[in-house]
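This report concerns only the one structure given below.
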Amino acid sequence: MSNKILIIDDDVELCSLVKKCVSQVNLEADTAYNGQSGLIQIMNKNDSYSLIILDVMLPQMDGFQVLSEIRKYSHIPVLMLTAKGSEPDKVTGLGLGADDYLTKPFSINELIARVQSLIRRYTTFNSGNAVSVLVLKGMVIDKETRTVQVEDRLIDLTGKEFDLLVFLASNKGRVFTKKQIYTQVWNDDYSFDDNNIMSFISKLRKKIEPSSEQPFYILTVHGVGYRFNKEA
Numbered sequence: 006m007s008n009k010i011l012i013i014d015d016d017v018e019l020c021s022l023v024k025k026c027v028s029q030v031n032l033e034a035d036t037a038y039n040g041q042s043g044l045i046q047i048m049n050k051n052d053s054y055s056l057i058i059l060d061v062m063l064p065q066m067d068g069f070q071v072l073s074e075i076r077k078y079s080h081i082p083v084l085m086l087t088a089k090g091s092e093p094d095k096v097t098g099l100g101l102g103a104d105d106y107l108t109k110p111f112s113i114n115e116l117i118a119r120v121q122s123l124i125r126r127y128t129t130f131n132s133g134n135a136v137s138v139l140v141l142k143g144m145v146i147d148k149e150t151r152t153v154q155v156e157d158r159l160i161d162l163t164g165k166e167f168d169l170l171v172f173l174a175s176n177k178g179r180v181f182t183k184k185q186i187y188t189q190v191w192n193d194d195y196s197f198d199d200n201n202i203m204s205f206i207s208k209l210r211k212k213i214e215p216s217s218e219q220p221f222y223i224l225t226v227h228g229v230g231y232r233f234n235k236e237a
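Mapped onto the numbering used here, the consecutive letters of the sequence shown carry residue numbers 6 to 237.
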């Protein structure tokens, strides 16, 4: 994947500033000033972007709608921008498959740090230096194509659900607290409450487990956190 990003924001001045700043760390940037234009560029580029910076407050088609469309066919990392600092907006965006969230106003240094972190993490998950395919009992995880099959059935996961599954499956048998999971998968200081992590685990279980009520893959360690079944 090339080191090029796409900025989808109706603030022309902000787009110009971000484009100029990321160029200082050897990243090229395309811009789109509305959601529909951004989606067209993503499809035309055939998944060639390393990252998408997406504003929530867009005209006609808001950022949540754009994100939902992106996740129908792509797992490109998405960093969402918003002028709102409310927790519900963050939960909604992350639940739809956003990889990180930044509230306006923000410092350019923080933006660049998050952009580089997301690109680095995405590259690591898809790196050919590590085992690219995890073959488990009844499940195959392909990190290169970012696909998951359970009993020959292709599972539709959001980008963050996939990252969460890869992290746990790559550390079979090891117990992680909710804080450790968030820090490792989101690569950020812990800012969720425990209920949000539990919600992500619950959604993932419903998609991959034969029975979400009696999970086989992702096991709860009461009073501590979660572990991936070492027998899987």
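The C-beta atom is built at its ideal place from N, Cα and C for all residues, glycine as well. Please read all numbers here as calculations on a predicted model, not as lab measurements.
Inter-residue spacing [alpha-carbon to alpha-carbon] between residue i and residue j
i, j, result
"ILE75", "GLN46", "11 Å"
"LYS212", "GLY228", "24 Å"
"MET66", "ASN39", "7 Å"
"SER53", "ALA34", "12 Å"
"ARG1", "ASN200", "Residue 1 cannot be examined here, being either before or after the span of the chain that is shown, 6 to 237."
"VAL30", "TYR106", "20 Å"
"GLN185", "LYS50", "35 Å"
"LEU170", "PHE69", "23 Å"
"LEU139", "LYS148", "8 Å"
"ILE146", "THR152", "6 Å"
"GLY43", "ILE57", "9 Å"
"PHE205", "ARG125", "23 Å"
"ARG104", "GLY164", "The sequence given here places Asp at residue 104; Arg does not occur at that position. Roughly 7 Å between the two C-alpha positions."
"SER216", "ILE117", "41 Å"
"LEU162", "GLU218", "19 Å"
Proximal residues to residue i (C-beta, below 8 Å), its chain only, five neighbours per side dropped
i, result
"LEU224", "TYR231, ARG232, PHE233 and ASN234"
"THR97", "PHE69"
"VAL246", "Look at the range of the chain in this structure, 6 to 237, and you will see that residue 246 is not part of it."
Close beta carbons around residue i, own chain, < 7 Å, minus the five adjacent residues each side
i, result
"ASN176", "PHE233"
"GLN121", "VAL30"
Where residue i falls: helix, strand or coil (DSSP)
i, result
"MET62", "coil"
"LYS142", "coil"
"SER19", "Correcting the residue identity first, residue 19 is Leu in this sequence and not Ser. Reduced to three states, the DSSP call for LEU19 is helix."
"GLN121", "helix"
"ILE13", "strand"
"MET6", "Caution applies to MET6, whose pLDDT of 45 falls short of 50 and renders its modelled position unreliable; the model cannot decide the point."
"LEU44", "helix"
Distance CB(residue i)-CB(residue j) smaller than 8 Å
i, j, result
"LEU59", "ILE13", "yes"
"SER79", "LEU101", "no"
"SER55", "ASN8", "yes"
"LYS142", "ALA37", "no"
"GLN189", "PHE172", "yes"
Proximity test, Cβ basis, 8 Å: residue i and chain C
i, result
"TYR222", "Of the protein chains in the structure, only one exists, and it is not chain C."
Same chain, Cβ closer than 6 Å to residue i, neighbours up to 5 away in sequence not counted
i, result
"VAL23", "ILE12"
"VAL17", "none"
"PRO82", "LEU56, ASP104, LEU123 and TYR127"
Curious, which full-length alpha helix (DSSP H) runs of at least 4 residues does the stretch 186–224 contain? 199–213
Length at least 3, wholly inside the stretch 93–122: the beta strand (DSSP E) runs in chain order: Along the length of the stretch 93–122, whole beta strand (DSSP E) runs at least 3 residues long occupy 105–108, reported in chain order.
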